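Note sheet for the following structure.
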Amino acid sequence: MLDNNRSSQYCAPLTSADWNEVDPNLIATSSIDTTCTIWEIETGKPIAERKPTKGTVKTQLIAHDREVFDIAFSKINSGKDVFGSVGADGSVRMFDIRHMEYSMIVFEEPNRKPLLRLAFNQHDHNYLATFAQDSPEVYIIDIRIPSIPVATLKNHNGPVNAISWAPHSSCHICTVAEDKQALIWDVHNMPRPVEDPILAYTAQGQINQVEWSSSMTDWISISYGKNLELLRV
1 MLDNNRSSQY
11 CAPLTSADWN
21 EVDPNLIATS
31 SIDTTCTIWE
41 IETGKPIAER
51 KPTKGTVKTQ
61 LIAHDREVFD
71 IAFSKINSGK
81 DVFGSVGADG
91 SVRMFDIRHM
101 EYSMIVFEEP
111 NRKPLLRLAF
121 NQHDHNYLAT
131 FAQDSPEVYI
141 IDIRIPSIPV
151 ATLKNHNGPV
161 NAISWAPHSS
171 CHICTVAEDK
181 QALIWDVHNM
191 PRPVEDPILA
201 YTAQGQINQV
211 EWSSSMTDWI
221 SISYGKNLEL
231 LRV
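Numbering (the UniProt record's numbering), first residue to last: 1 to 233.
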């Protein structure tokens, strides 16, 4: 059990977790208490933590101002040290475990709406995707050109709930939403606008989650209500 709670009276709920694929001994967690924590599994101890500071400090830590909703490791550089997070303050931030006193804001939602999820491209590590609360749009961000989305995917008619990059391709991503649709997009023409998805599937209910199989890349799983469906691409 990984437990960093220092108070028996209060324990902030976790919102997300991500296992490091390069170093399976590391796992990242995020919480509504604005913290991001990197754990070492073998010892059960946190090796790096980002949280608001109190009192006088030499270096002001730049953390999310509000709840953190998602966290994910990036495969950039070694694939071990860099991770990103999104939260209720409407920002996408990137951190390096080796230099936790610094962070980089790579995107801020124009209306400062909470960002719920992020996903890093598995092949072109400069790209990530994210979406805002109650929004039908998905932003594609190039971390080399922060602040401005390189593409915005707009064909959903209801709030997006989940996203998943293709594990075998740098230019395909699947998005699912409350409009019951699972859409697959080809983004290889970025920064030219991506107008329409290349594939679409309509489920029997509002789709909550999607996962693109890394071992059988022709298959995508979606879930809605009490149902799990496997879709062949």
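Every residue, glycine too, gets a C-beta built ideally from N, C-alpha and C.
Predicted, not measured: the structure shown is a model, and the values here were computed from it.
Taken through DSSP and simplified to helix, strand or coil, residue 99 comes out as helix. DSSP, read as helix, strand or coil, puts residue 195 in coil. A straight-line Cα-Cα distance of about 30 Å links residue 171 and residue 37. If you check the CB distance, residue 229 and residue 203 come in under 8 Å. Beta-bridge partners of residue 174 (DSSP): 164, 184. Here the C-alpha atom of residue 215 lies approximately 11 Å from the C-alpha atom of residue 166. Annotated as proximal: residue 207 and residue 180, with beta-carbon spacing under 8 Å. DSSP places residue 135 outside both helix and strand once states are collapsed to three, so it counts as coil. Restricting attention to 125, 82, 24, the CA atom closest to the CA of residue 104 is found in 82.
Residue 116 sits away from residue 95, with the two beta carbons spaced by 8 Å or more.
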